[in-house]
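Here is the structure we will look at, set down as structure tokens.
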Amino acid sequence: RRTLSPDNVGTAEFASARLRLLIPAAELARRGGATVQLIPLTLLRDARVFDAEPRLTHLVLGKMAAGFVQLNETLFRSVLTTLNDVREEVRVVADLSDDYAALADALGAPYLRTYQAALLEHHDIVVPCQAMQARFADEARGSVTVIEDPYESPVARPPRAAASDPLRLCWFGTLGTPNVEMVAGTLEQMTRGLRDTALQLEMVTHRARGEMVQELAARLARVHPAVQVTFTEWSLKNTWAAIERCDFVVLPQDHAGPAGRVKSHNRLVEAIRGGRLAIASPIPSYLELSDFAWVGEDLAAGLRWAMGHADEALQRVTAGQRAIEQRFSPAAIGAKWAQALGLASGTPAAAPAAVTPRAVAPMALRRLNLGCGDKILEGYVNVDVAASRAGRRPDVLCDLHKLEPFETDSCDEVMAIHVVEHFYRWEVIGVLREWLRVLKPGGRMILECPNLLTACQMVLSNPQAAAGPGPEGQRSMWVLYGDPAWRDPLMCHRWNYTPDSLRALMQEAGLVNVRQEPAQFKLREPRDMRIVGEKPTAA
């Protein structure tokens, strides 16, 4: 056990150790009022470690690499037993920054799923992004709190968004078996779309991946003879220098797969901190920061936009640096860890059954989670018509037909996850117009619901199985009518939508720029869909 001070924390090669363990530990030590120690995982095989002085009152089980968990199953089984034995006396919080269940199949490591399920069953959870919070909301028995990764670069670099000739691009991150095909395929598509533009791509990754980068470079050269790929050995300083040298940062991600969709913000944040516009795939955490980057599926289109809109690109990065200072600084992240562990001064009271908007804690962005049920999301004002579900109470209790507690033009975002299907078709247009009323001009409305087309396909493909009332009907009959296990009229579905019909409905209600984006909650695609629109700005 090593007692920490802000100056003796040290560093680590793995980003997860720095971002999820060492930097938060240093910030907790800097705040004072508590002794912060690092404890080797092997000591947790024996509960007697908790008898040593100073006595532990809180324990954070840090993020563990999936491969490490896979290779040390016996160790982790004994650690979980110890933590279960002491959790009545010691507050245990587990940091889940990867979806181990999704990785279990990809890596052929079934214990990863068992390990994750045990943490969700017995302990409070901390996750780095809202997509992870939503992913675990149905499985976790305790709380699931979002604490983002802090930025690491010591100073924000001056923003620049001018394109050079050749165009200088930077990619940095982990490259290995789980993601190399995704990275190579996305970059190949990008270079194919920019064959009329000379490109220089600097790839910053682990020193052992030089040969992998060479193979990727050869693959890109086959579709774009004028692309030059260079390999830079990873270090923090090398990464920051590469960002400084480039015109734009490219951040491909597997936005369709379950593992990629729950990645954190950290690489996009570092690009913004480094003063460069990022061209990034539409994973949920990047979409949260889309005002400060270009986020979409076609990275070549994003680069063409950036080259043609240098002034707007520069404005995005400049605004982004201000935003991430408030949300992702080490001090801000340390405060969130202190709050999650109950170490912050003043303990927040339990959410009341009904409050006025003035009683809700002020937020940098005011976002409503309408029809929240038991899915209470951090960073949102959670609103529902029911006083509680599964023991979880909303921040604001009101009828969703009439958002009387909220003033006109007062909210930056209105989100309703699996809510719109619970309204009758004849009333839903009025409901959407009421939700539109509380949005600020330019604010976003996000609707997720089941996709009627998928449900019909499921019924037609296997009518006998799809017609059942149990889990076999989750992608068919539940879409049409709701889950009968609720035994609650409020949970019945009253109308269903296709992507086109919901898009048309939102346009009829007065929304503009209406488009389909990847669903982030519940079962996601193909069963579910997400349609996003904006309130028109003043003419």
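Adding 5 to a residue's 1-based position in the sequence shown gives its number in the numbering used here. Ideal Cβ placement from N, Cα and C applies to all residues, glycine included. Model, not experiment: these values are computed from the prediction.
Exposed unless 16 or more other CB atoms sit within 10 angstroms - verdict on residue i
{"i": "D259", "result": "buried"}
{"i": "T361", "result": "Because T361 sits at a pLDDT of 24, beneath the cut-off of 50, its placement in the model cannot be relied upon, and the point is left open."}
{"i": "S10", "result": "exposed"}
{"i": "W431", "result": "exposed"}
{"i": "A223", "result": "exposed"}
{"i": "P155", "result": "buried"}
{"i": "G313", "result": "exposed"}
{"i": "E453", "result": "buried"}
{"i": "D143", "result": "exposed"}
{"i": "G475", "result": "exposed"}
{"i": "A460", "result": "buried"}
{"i": "V419", "result": "buried"}
{"i": "S286", "result": "buried"}
{"i": "E58", "result": "exposed"}
{"i": "Y429", "result": "exposed"}
{"i": "D252", "result": "buried"}
{"i": "P357", "result": "Below a pLDDT of 50, predicted positions are generally treated as unreliable, and P357, at 22, falls in that range; the measurement from the model is reported next regardless. With fewer than 16 Cβ atoms within 10 Å of its Cβ, P357 is classed as exposed."}
{"i": "T87", "result": "buried"}
{"i": "R281", "result": "buried"}
Residue i: first and last residue of the uninterrupted beta strand (DSSP E) it sits in
{"i": "G396", "result": "No beta strand (DSSP E) contains G396, which DSSP labels as neither H nor E."}
{"i": "F571", "result": "Beyond the ends of the chain as shown, which are 6 and 544, falls residue 571; an answer cannot be given."}
{"i": "H63", "result": "H63 to L66"}
{"i": "A421", "result": "C416 to I422"}
{"i": "R535", "result": "D533 to E539"}
{"i": "W167", "result": "Correcting the residue type first, residue 167 is Ala in the shown sequence and not Trp. That residue, A167, is in no beta strand (DSSP E); it is neither H nor E in DSSP."}
{"i": "V54", "result": "Unbroken run through V54: none, as it is neither H nor E."}
{"i": "L373", "result": "R372 to L375"}
Endpoints, the alpha helix (DSSP H) within which residue i is located
{"i": "M217", "result": "G215 to V228"}
{"i": "K341", "result": "P335 to A345"}
{"i": "F19", "result": "Element bounds for F19: n/a, residue is neither H nor E."}
{"i": "G313", "result": "L304 to G313"}
{"i": "M137", "result": "Q135 to F141"}
{"i": "T413", "result": "Neither: T413 is in no alpha helix (DSSP H) and is coded neither H nor E."}
{"i": "D90", "result": "E78 to V91"}
{"i": "I152", "result": "Taken as a continuous stretch (DSSP letters only), I152 belongs to no alpha helix (DSSP H), as it is neither H nor E."}
{"i": "E409", "result": "From DSSP, E409 is part of no alpha helix (DSSP H); its letter is neither H nor E."}
{"i": "T191", "result": "V185 to R197"}
{"i": "V274", "result": "N271 to R278"}
{"i": "I381", "result": "Premise fails: I381 is in no alpha helix (DSSP H) and is neither H nor E."}
According to DSSP, residues forming a beta bridge with residue i
{"i": "L4", "result": "Nothing about residue 4 can be read from this structure; the chain reaches only from 6 to 544."}
{"i": "N467", "result": "Beta-bridge pairing links N467 to no other residue."}
{"i": "N456", "result": "Y502"}
{"i": "I451", "result": "M420 and V537"}
{"i": "A283", "result": "V254"}
{"i": "W299", "result": "I284"}
{"i": "I130", "result": "A99 and V149"}
{"i": "F526", "result": "Note: F526 sits in no beta bridge, so no partner."}
{"i": "F236", "result": "M208"}
{"i": "T8", "result": "Q42"}
{"i": "N387", "result": "N374"}
Residue i beta carbon near the ligand PLP (any heavy atom closer than 7 Å)
{"i": "T210", "result": "You won't find the ligand PLP in this model; it holds no ligand whatsoever."}
Supposed close pair residue i, residue j - CB separation, criterion 8 Å
{"i": "I277", "j": "C175", "result": "So it is not a contact: roughly 13 Å between Cβ atoms."}
{"i": "A123", "j": "L117", "result": "Not really, about 11 Å apart at Cβ, beyond 8 Å."}
{"i": "R372", "j": "C416", "result": "7 Å"}
{"i": "N184", "j": "L24", "result": "In fact, because the Cβ distance is near 18 Å, the residues do not count as touching under 8 Å."}
Cβ contact (3+ pairs, closer than 8 Å) linking the region 336-346 and the region 26-39:
Counting Cβ pairs under 8 Å, three or more are found: they touch.
Evaluate the contact criterion for the region 185-198 versus the region 293-300: three or more CB pairs, one atom per stretch, below 8 Å.
Look at the beta carbons and you see the region 185-198 not touching the region 293-300: under three pairs across the two are nearer than 8 Å.
Check whether the region 237-245 touches the region 207-226, counting contact only when three or more Cβ pairs, one atom from each stretch, lie closer than 8 Å.
These segments touch.
Report yes or no: do three or more beta-carbon pairs, one from the region 319-337 and one from the region 120-140, lie closer than 8 Å?
Taking 8 Å as the limit for Cβ pairs, the verdict is that the region 120-140 does not touch the region 319-337.
Taking contact to mean at least 3 C-beta pairs separated by less than 8 Å, is the region 391-400 in contact with the region 522-531?
Verdict: no, contact absent.
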